[in-house]
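In the working numbering, the protein residues as written are 315 to 1017.
Virtual Cβ for every residue (Gly too), placed ideally from N, Cα, C.
To start, the structure itself, in C-alpha cells.
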C-alpha cells in the first residue's frame, strides 16, 4: 500500500513509502533522537512547534498527487486513523486497541502520552467521515476512550514516532461500514421510510427495543401491525425468532388500543380529564414544545438505564415505591399520545434527552431506600465475613474485605450520595477462589451485589443494580457497557478466562473512572462515569499473568459458606452500615498504596505461567546491569533466528514478567534497553545468538 511521506506538516511535496516501511521505521526507532528531543522540551507550545516543523508526517487515508487536498487524492487507501491524546496510561490503552481484531497498526504518539490506531474499512472516499464516525464509536465503546475528532478528514497527516513495541497486523479484519441494507422487497407494496431507519438499530441486544420503538412510530402514522411484522420478519433469526417479533408487536398494538388517559395520569394533575397545557392558544392541536418540556419537567424524572419515568411530589422531589406513579418509556409515549401530544419517535427521544427532564441513575433509588431504612446499629460486616468461611490470614481477610466494601460503596455513589467523598478511585476486584464446586461463591456475590432486592422492595420492574456477565461476554457487550455506570456491582462469573484472555482490557477497566458509550436514546457516544464495582469467582488458581499485579484481591474459601448465617443478614442494613463507616472514617476505610502493595505481594501465589512466559524465562534472566544493552528489536530478532515467533504483544508481556514486583523491565536512562541477560548455559545449547553476543558472553561462533 503506497502512502505519501511529507517533510513536515506544511510541505506540499512528498515521497512515496509504504505502510510496512513506516512501521519498520517506527519500531526500529529510526527517529529516536528526534522523538527524544521532542519529549524533552518543557512546554506544550514548544513541543507543538517542534512537531510541526521537524517531524516527518504521512498521509494514511489517501495517496496524493501534489498538496494534501481532497481533489488531489488519486487513490483512497480505505484506512481510518484514530488519535487518543493526553492519555494517562497509553500503554494499557494500546493493549486494549491491539486486542481488537480490526486494529491494523498502532503506536505510541510522538509526545509519548497518546496513541495512534489505524483500521481498514470497506467503504469508499465519499463515505470517509461516516466510516470514521462508526469506527470511532465502536472503539470508544470497546476501549472506553473517544478519538480526537480532528483526524476524521481524508487529508489528515500523522506524525512519525518511535516505539519499539509498535503493532502491525496486515491480516486484521476489515471493519464493515453500515451504509444501508440491501434486501428483498417485502410483500407490502410500499415500505415506510422509518422501517429502513429502524434497521440501523436492529442489532443483537437491541432488537426488542427497536421493535417497540418502531411500533410507536407505526401506530402514530397509521401503519398496520401486519405490515410491520411482514417487513421485519425478513430479519428474524434463531436469536430473535418470528414468534418473538409477532408477540412484541401484538403486545404494543394491544397496549395502545386499550390505554386511555384514565389508566395512566401524570402526577400533580387535578384529574385525568381535559387537555394539559401543552398546546398553542391559536391552534389547540399544535404542540408548543417549550410548554411540554417545562410542564413535564415539573412532574417527572427519568431513569434512562431502565427506561422508566417516575413522578415528583408537590415539592418537586421524585417519589419511588409501589404506589407511586411510574411507567416505562413505551407506556409514557402512549400516554402522551392519548393526551394529544402525538410525537414522532425522534421527537420523543429528543424530549426525553432534553435538559428540562431530570435524569436519575438507578443508584439514586438505592440511596433513597437506604435513607428510608436507617442503619439499626447492628454489626453485620463481621457476620458477613464469618459466613464466607475463608482460609488463610483472617486479620488480612477482614481488613481488606472491609475496605473493599467501603471502597465499592463510595466509588459507586460518588456524586449521588452527598455524604461520600467527591474523589474515590477504583482499585481492586474481589475474587473468590476454591477448587471445590458448589461452595456458594456465585450465590454469595449475587447477595452482596443486591440482585433483585430493589425490585422486590419497590415493585418496580427491571430495577436491579447488580449485573452478571454471560459466557464469553466482554468489551463488545452493549449490556455490559450499559451496566458500568448504572449498576452497583458487576460479577464476572468464572473470571479466570476474562483475566487471561482479555488482552489487558479488564486490567485497564478496573482502574478507569470514566468510559465512552452510546446509549439507546443518544445519537453519539458520551463520556460516562463508571460506578460499578467488580467481583468474580473461579475454581482455577492460576489467575494472574503479571508479577506486578495489585488489582486482584484473591481470597480462598475453606469449604462451603455458612448459608444459615448469610440468609439472616439484611443486605439493606449491611450497606447502611458500610455507608455510615465511610461517612465516619472517610479515606481511612479506602484502599491506599500500602494496601495495594500487600495485595500484589499476596497475589503471587496465584500466578499463571503461559508457554510464552516459560520460553522467555528459559532463555533470559532479569539483570540490573546486563552485559549487553539490548533493545526490544534485538531480542525479538534472536528469538526469530531460533524459530520462535510471538503474536501481538506476547513477547512484551513475557518480558515484563522477568522483572521483580515493582520493577520495570526497561532501563531508566535516556538509552532505552531491557534489563535482561541471556542465560549463558543456553548459548550453543539450543540457543543461537549473533557473533557479537556470543563473543561477549563466551567468545567463539554465533550466527
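Inset, instruction - Tell me whether the beta-carbon of residue 905 lies closer than 8 Å to the beta-carbon of residue 804. - result: Not a contact, by the Cβ cut-off of 8 Å.
Legend entry - Contact belief for residue 415 with residue 487 at Cβ below 8 Å, rounded distance in angstroms: 5 Å
Inset, instruction - Look at residue 725 and residue 682 and say whether their C-beta atoms are less than 8 Å apart. - result: no
Legend entry - Pick from 408, 941, 653, 730 that is closest to residue 844, judged by C-alpha positions: Minimum Cα-Cα distance from residue 844 among the listed residues 408, 941, 653, 730 corresponds to 730.
Legend entry - Member of 370, 922, 338 whose CA lies at the smallest distance from the CA of residue 329: 370
Inset, instruction - Name the two residues that bound the continuous beta strand (DSSP E) containing residue 376. - result: Residues 376–378.
Inset, instruction - Following the continuous beta strand (DSSP E) through residue 831, name the residue where it begins and the one where it ends. - result: It spans 828–831 - the beta strand (DSSP E) in which residue 831 sits, taken as one unbroken run.
Inset, instruction - Consider the C-beta atom of residue 660 and the heavy atoms of the ligand NAD; say whether any pair is separated by less than 7 Å. - result: Ligands in the displayed structure: none, and consequently the ligand NAD is not present.
Inset, instruction - Starting from residue 622, trace the alpha helix (DSSP H) both ways and give me its first and last residue. - result: Premise fails: residue 622 lies in the beta strand (DSSP E), 622–625, not in any alpha helix (DSSP H).
Legend entry - Cβ neighbour criterion (16 or more within 10 Å) applied to residue 959: exposed
Legend entry - Close Cβ partners of residue 754 (< 7 Å) along its chain, the five nearest in sequence each way excluded: 874, 875, 877
Inset, instruction - Assign residue 994 to buried or exposed, taking buried as 16 or more other Cβ atoms, counted over all protein chains shown, within 10 Å of its Cβ. - result: Counting Cβ neighbours within 10 Å, residue 994 comes out exposed, since fewer than 16 surround it.
Legend entry - Close Cβ partners of residue 646 (< 6 Å) along its chain, the five nearest in sequence each way excluded: 623
Inset, instruction - List in chain order: all unbroken beta strand (DSSP E) runs of 3+ residues lying wholly within the segment 725–803. - result: Segments of the beta strand (DSSP E) lying fully in the segment 725–803: 743–747, 780–782.
Inset, instruction - Check the C-beta distance from residue 616 over to residue 671 and give it rounded, since I have them as a contact under 8 Å. - result: Contact flag correct, Cβ pair sits at about 5 Å.
Inset, instruction - Rounded to whole angstroms, what's the CA-CA distance from residue 840 to residue 564? Just pull it up for me. - result: 34 Å
Legend entry - 3 or more residues per run - each beta strand (DSSP E) lying fully within the segment 451–482: Complete beta strand (DSSP E) runs here, min 3: 471–473.
Legend entry - Through-space distance from residue 337 to residue 555, alpha-carbon basis: 47 Å
Inset, instruction - Tell me whether residue 550 sits in a helix, a strand or coil according to DSSP, three-state version. - result: coil
Inset, instruction - Report back the beta-carbon spacing between residue 491 and residue 435 to the nearest angstrom; my notes put them in contact at under 8 Å. - result: 5 Å
Inset, instruction - Could you say which of 830, 756, 776 lies nearest to residue 809 if we only look at CA atoms? - result: 756
Inset, instruction - Could you check the C-alpha separation between residue 659 and residue 531 for me, to the nearest Å? - result: 5 Å
Inset, instruction - Just grab the DSSP bridge partners of residue 672 for me. - result: 615
Legend entry - Simplified DSSP state of residue 495, which is helix, strand or coil: Below a pLDDT of 50, predicted positions are generally treated as unreliable, and residue 495, at 32, falls in that range; the measurement from the model is reported next regardless. Correct three-state label for residue 495: coil.
Inset, instruction - Would you kindly work out how many angstroms separate the C-alpha atoms of residue 806 and residue 901, rounded to a whole number? - result: 27 Å
Legend entry - 7 Å Cβ shell around residue 690 - same chain, five flanking residues per side excluded: 887
Inset, instruction - Grab the span of the beta strand (DSSP E) containing residue 843 for me, first residue to last. - result: 840–843
Inset, instruction - Please say whether residue 765 and residue 778 have beta carbons closer to each other than 8 Å? - result: Remark: C-beta atoms of residue 778 and residue 765 approach each other more closely than 8 Å.
Inset, instruction - May I ask which residues mark the beginning and end of the beta strand (DSSP E) holding residue 642? - result: 640–642
Inset, instruction - Identify every residue that forms a DSSP beta bridge with residue 870. - result: 747
Inset, instruction - Put residue 706 into one of helix, strand or coil per three-state DSSP. - result: Coil at residue 706, not helix or strand.
Legend entry - Endpoints, the beta strand (DSSP E) within which residue 661 is located: Looking at the DSSP string, residue 661 is not in any beta strand (DSSP E); the run it does join, the alpha helix (DSSP H), is 659–667.
Legend entry - DSSP bridge partner residues for residue 1060 (one or two, in chain order): The question about residue 1060 has no answer here: the residues shown for the chain are numbered 315 through 1017.
Legend entry - Beta bridge counterpart(s) of residue 852 as assigned by DSSP: 747
Legend entry - For residue 717, the nearest candidate out of 907, 464, 652 (CA to CA): Among 907, 464, 652, the Cα nearest to that of residue 717 belongs to 907.
Inset, instruction - Check each candidate in 967, 934, 794 and name the one with the smallest Cα separation from residue 952. - result: 934
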